[in-house]
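Undergrad: Take this structure first; my questions come after.
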Amino acid sequence: QKEVEQNSGPLSVPEGAIASLNCTYSDRGSQSFFWYRQYSGKSPELIMFIYSNGDKEDGRFTAQLNKASQYVSLLIRDSQPSDSATYLCAVKGSGGSYIPTFGRGTSLIVHP
Amino acid sequence: DTAVSQTPKYLVTQMGNDKSIKCEQNLGHDTMYWYKQDSKKFLKIMFSYNNKELIINETVPNRFSPKSPDKAHLNLHINSLELGDSAVYFCASSPWAGSTDTQYFGPGTRLTVL
């Protein structure tokens, strides 16, 4: 049973701070990792994906992957109230499986 | 220019009824999916179609039957609706059935079974 774990939160940070969201996964052979943002009442939208160990930066967002420790994180710099949403981690497994397993998401609140 | 669209957006119905949700994508993608998101926000795959052929059928009651008339459409028919079917159902598509491609979600259909 492939599992993806996230702290449900809410994670509350002040505007301008760095928000750090974490995700762990059970399938050691997992190859692809995705972060989706979901506003309340809306559909998930892709923020970033990462395939290799290390950091990947895109604007205010940085994804970090550590396959040895089986975790992936998302850092949001200069957090804005508009970043307040639920962040879903998704992992695609080994053997070329293309169906992602989603975590339950972490609720982020950025307060002014 | 809606990439992935679903109808209806809201569906309220009585237990025991049969209902359908329609999904269309205009992205030219080969693969489409149905997901169920429960009240605790857990997003779970139900079905996946690649070029109109069923690829994945997770543990879903056979009251749920997907149909793909062409690769741009994937509909979901639900028979004998139960209270536990209440959830938000998302359709999604991706360019191909691979480990590195990303998924594009429709706006969701909120199903409420009374």
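As they're listed, the protein sequences go chains A and B. Each residue of the first sequence is one higher than the one before, starting from 1 at the first, in the working numbering. Each residue of the second sequence is one higher than the one before, starting from 113 at the first, in the working numbering. Ideal Cβ positions, reconstructed from N, Cα and C, are used throughout, including at glycine. Predicted model only: the values in this text are computed from it and were never measured.
1. Looking only at C-alpha atoms, which of B/PRO207, B/GLN118, B/LEU155 sits nearest to B/ALA199?
2. Is the Cβ of B/LEU155 closer than 8 Å to any Cβ of chain A?
3. Please state whether DSSP places B/PRO181 in a helix, a strand or coil.
4. Smallest Cα separation from B/GLN126: which of B/ASN138, B/GLU194, B/HIS185, B/ALA204?
5. Taking Cβ-Cβ distances shorter than 8 Å, what residues in chain A pair up with B/ASP213?
6. State the start and end residues of the unbroken beta strand (DSSP E) segment that holds A/VAL13.
7. Could you please give me the residues that DSSP links to A/LYS92 through a beta bridge?
8. Using a Cβ-Cβ distance under 8 Å, would A/LEU46 count as near chain B?
9. Mark A/ARG37 as exposed unless 16 or more other C-beta atoms lie within 10 angstroms of its C-beta, in which case mark it buried.
10. Does B/LYS131 get closer than 8 Å to chain A when you measure Cβ to Cβ?
11. The beta strand (DSSP E) with A/ASP55 in it runs from where to where?
12. Go to B/LYS156, then tell me how far its beta strand (DSSP E) extends in each direction, as first and last residue.
13. For the beta strand (DSSP E) that B/LYS148 lies in, which residues bound it at each end?
14. From B/GLY210, B/TRP208, B/ALA204, pick the residue whose C-alpha is nearest to that of B/PHE217; which is it?
TA: With the structure as the only source:
1. In the second sequence, the residue the question calls residue 199 of chain B occupies position 87. Closest by alpha carbon: B/LEU155.
2. In the second sequence, counting from the first residue as 1, residue 155 of chain B sits at position 43. Answer yes: the Cβ-Cβ gap between B/LEU155 and chain A drops below 8 Å somewhere.
3. Numbered from 1 along the second sequence, position 69 holds the residue referred to as residue 181 of chain B. B/PRO181 falls in the strand class under three-state DSSP.
4. Numbered from 1 along the second sequence, position 14 holds the residue referred to as residue 126 of chain B. Nearest C-alpha to B/GLN126: B/GLU194.
5. Mapped onto the second sequence, residue 213 of chain B falls at position 101. By Cβ distance, chain A contributes TYR98.
6. Counted from its first residue, the first sequence places residue 13 of chain A at position 13. Following the DSSP letters along the chain, one finds A/VAL13 inside the beta strand (DSSP E) bounded by residues 11–14.
7. In the first sequence, residue 92 of chain A corresponds to position 92, counting from 1. A/LYS92 pairs with A/SER32, A/PRO100.
8. The sequence position of residue 46 of chain A within the first sequence is 46, counting from 1. Cβ-Cβ to chain B under 8 Å: yes for A/LEU46.
9. Translated into the one-based positions of the first sequence, residue 37 of chain A becomes position 37. Flag for A/ARG37 reads buried.
10. Within the second sequence, numbered from 1, the residue matching residue 131 of chain B stands at position 19. Judged by the 8 Å Cβ criterion, B/LYS131 is not in contact with chain A.
11. By 1-based counting over the first sequence, the position of residue 55 of chain A is 55. That run of the beta strand (DSSP E) goes 54–58.
12. Working through the second sequence from its first residue, we reach residue 156 of chain B at position 44. It spans 155–162 - the beta strand (DSSP E) in which B/LYS156 sits, taken as one unbroken run.
13. The residue you call residue 148 of chain B lines up with position 36 of the second sequence. For B/LYS148, the enclosing beta strand (DSSP E) covers residues 143–149.
14. In the second sequence, residue 217 of chain B corresponds to position 105, counting from 1. With distances taken between Cα atoms, B/PHE217 lies closest to B/ALA204.
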